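**Q**
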């Protein structure tokens with residue numbers, strides 16, 4: 001696993017704040033145990049009763065739109081600022097109990 005690989009549930013979204021706006025990262029599917037069809041980002045957010053625009057507003061509220069990486073938990077409606085480095089995303093996922101802290105993961 002390289003430093004840019006993370007494993008997370010579909011309801012946890014990684015979003016980057018750049019100078020010109022929000023970059024909603026899609027990622028690649030790792031496993032699909034139930035053979036659910038892969039949804040577009042717009043449809044995925046709608047599945048959880050929200051939209052990319054609403055999430056961007058919530059992310060802006062938590063840290064004033066500071067540049068860097070954020071996490072959005074669409075299921076529980078929780079939002080987190082991670083930091084300016086992508087490695088901070090892994091740290092935040094560990095802090096909130098989503099990702100194992102083992103180096104083997």
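In our numbering, the protein residues as written are 1 to 105.
Note that beta-carbon positions come from the ideal geometry of N, C-alpha and C, so glycine has one too.
Given the structure is predicted, the values throughout are model-derived calculations rather than measurements.
Can you tell me which of the three DSSP states residue 93 falls into?
**A** Taking the chain shown and counting its residues from 1, one reaches residue 93 at position 93. In this structure, residue 93 counts as helix in the three-state DSSP scheme.
**Q** When you compare the CB positions of residue 68 and residue 17, do they come within less than 8 Å of one another, or not?
**A** Here residue 68 is taken as the residue at index 68 of the chain shown, counted from 1. Here residue 17 is taken as the residue at index 17 of the chain shown, counted from 1. Contact: yes.
**Q** CA-CA distance, residue 56 and residue 20?
**A** Locating residue 56 in the chain shown gives position 56, counting from the first residue. Locating residue 20 in the chain shown gives position 20, counting from the first residue. Using only the alpha carbons, I get a separation of about 13 Å.
**Q** Tell me, to the nearest whole angstrom, how far the beta carbon of residue 48 is from that of residue 92; I am working on the premise that it is less than 8 Å.
**A** The residue given as residue 48 occupies position 48 in the chain shown. The residue given as residue 92 occupies position 92 in the chain shown. Not quite, the Cβ-Cβ distance comes to about 19 Å (not below 8 Å), so this is no contact.
**Q** Is the beta carbon of residue 10 sitting closer than 8 Å to the one on residue 44?
**A** Translated into positions along the chain shown, residue 10 becomes position 10. Translated into positions along the chain shown, residue 44 becomes position 44. Cβ distance < 8 Å, so residue 10 and residue 44 count as in contact.
**Q** What runs of the alpha helix (DSSP H), each 4 residues or longer, lie entirely inside the segment 23-85?
**A** Qualifying alpha helix (DSSP H) stretches, in chain order: 41-47 and 52-63.
**Q** Along the beta strand (DSSP E) that carries residue 18, what are the first and last residues, could you check?
**A** Here residue 18 refers to the residue found at position 18 of the chain shown. Segment 12-18, the beta strand (DSSP E) holding residue 18.
**Q** Mind reading off the beta-carbon distance from residue 72 to residue 25? Whole number of angstroms is fine, and I expect it under 8 Å.
**A** In the chain shown, the residue the question calls residue 72 occupies position 72. In the chain shown, the residue the question calls residue 25 occupies position 25. Not confirmed; about 11 Å, so no contact.
**Q** Pop quiz: residue 70 and residue 15 are said to be a contact at Cβ under 8 Å. What is the actual Cβ separation, rounded to whole angstroms?
**A** The residue given as residue 70 occupies position 70 in the chain shown. The residue given as residue 15 occupies position 15 in the chain shown. That pair is a contact at about 5 Å.
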